[in-house]
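> Numbering (our numbering), first residue to last: 30 to 120.
1. Could you tell me if residue 40 is buried or exposed, where buried requires 16 or more neighbouring beta carbons within 10 angstroms of its beta carbon?
2. Less than 8 Å between the beta carbons of residue 37 and residue 68, yes or no?
3. From residue 49 to residue 70, what does the alpha carbon distance come to, in whole angstroms?
4. Given a cut-off of 8 Å, decide if residue 44 and residue 31 are closer than it, judged by their beta-carbon atoms.
5. Leaving aside the five residues before and after residue 54 along the sequence, list all residues of the same chain whose C-beta is less than 7 Å from its C-beta, in chain order.
6. Please identify the residue among 74, 73 and 33 whose C-alpha is closest to the C-alpha of residue 47.
7. How would you write the range of the beta strand (DSSP E) that residue 35 sits in, first residue to last?
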């Protein structure tokens, strides 16, 4: 269950309350009996595990949707060598 922070509008007493999401918010200060308000602050979030980076959720693209060739287990043929010019000079 989440912990909520409240502050009294009159005596400025700050207190916390552990409440369920379905519970009604506290509206009366336990010290002076006046109205209170809920205090909102930033929440520290730590993402652990896979799926939090854009590369974690991407699926491999299929060959029909991309123009890049797919890799296979057979090696690609070696590029052809450039022809070598023969020397025509005589000694």
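All C-beta atoms in this analysis are idealised placements derived from N, C-alpha and C, irrespective of residue type, glycine included.
For clarity, every value in this text was computed on a predicted model and none was experimentally measured.
Reading it off the structure:
1. exposed
2. no
3. 18 Å
4. no
5. 67
6. 33
7. 32–37
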